[in-house]
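Please read the structure below before turning to the comments.
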Amino acid sequence: KKAIIDPSLFKYKVQPIKKELYESVIVKASQLSRRKHLFSRDRLKLFLKQHCEPHDGVIKTKATSIAKYNLAEQNFSYFFPDDPPTFIFSPASRRRGRPPKRVSISHEDSITAKQNTQGNRSKVTKEKTRFQKQKE
């Protein structure tokens, strides 16, 4: 396995938006940064909605975005210098969304509630008979 490359050693080619006014420049990683509130959770959600879609529980890139940015022609090493990660396979969860309601639980609850009320009635009747005996 290759050793991990130090990110500070990277140099980036920065291309201007208006190419007729400016030239491309090569800069070090330490010279790049973004303004504090430029990237947010809301912007990330918007990006994912615009460029991704769920497919069988997996988020995949939309075909329009793949065509627009020529992603089909690129591979992992074009974007990242290290080896691609190896993910351990885990089977899909059987439960998706809300778990179904179990009828047996509510039925058991109603049975225990009936038993408690019957038990309370017998206690009440016992107390009444005891109280009457005390009066006599």
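Note that our numbering numbers the sequence shown so that position 2 is 784, with each residue one more than the last.
Just so you know, even glycine gets a beta-carbon here, dropped at the ideal spot from N, CA and C.
Given the structure is predicted, the values throughout are model-derived calculations rather than measurements.
Tell me, please, which residues DSSP counts as bridged to residue 868.
None; residue 868 has no bridge partner.
At the level of alpha carbons, what is the spacing between residue 885 and residue 873?
Unreliable placement is indicated for residue 885, whose pLDDT of 49 sits below 50; the coordinate value is still reported in the next sentence. Straight-line Cα distance between these residues: approximately 28 Å.
Assign residue 789 to one of three DSSP states: helix, strand, or coil.
helix
How about the stretch 802-811 and the stretch 786-793: do they share at least three Cβ pairs that are nearer than 8 Å?
yes
Can you name the start and end residues of the beta strand (DSSP E) that residue 842 belongs to?
Counting along the chain, the beta strand (DSSP E) containing residue 842 begins and ends at 840-843.
Could you tell me the distance, in whole angstroms, from the CA atom of residue 820 to the CA atom of residue 862?
Distance between the alpha carbons of residue 820 and residue 862: 23 Å.
Between 871, 853, 843 and 839, which has its C-alpha nearest residue 831's C-alpha?
Measuring from the Cα of residue 831, the nearest candidate turns out to be 843.
Going by beta-carbon coordinates alone, are residue 837 and residue 847 separated by less than 8 Å?
no
For residue 851, does the three-state DSSP call read helix, strand or coil?
coil
For residue 926 and residue 869, I'd like the C-alpha separation in whole angstroms.
Outside the displayed range of the chain (783 to 918) lies residue 926, so it cannot be described from this structure.
Just how far apart, CA to CA, sit residue 854 and residue 860?
12 Å
Using the C-alpha atoms, what's the distance from residue 827 back to residue 803?
33 Å
When you compare only the Cα positions, how much space is there between residue 905 and residue 911?
Those two C-alpha atoms are separated by around 10 Å.
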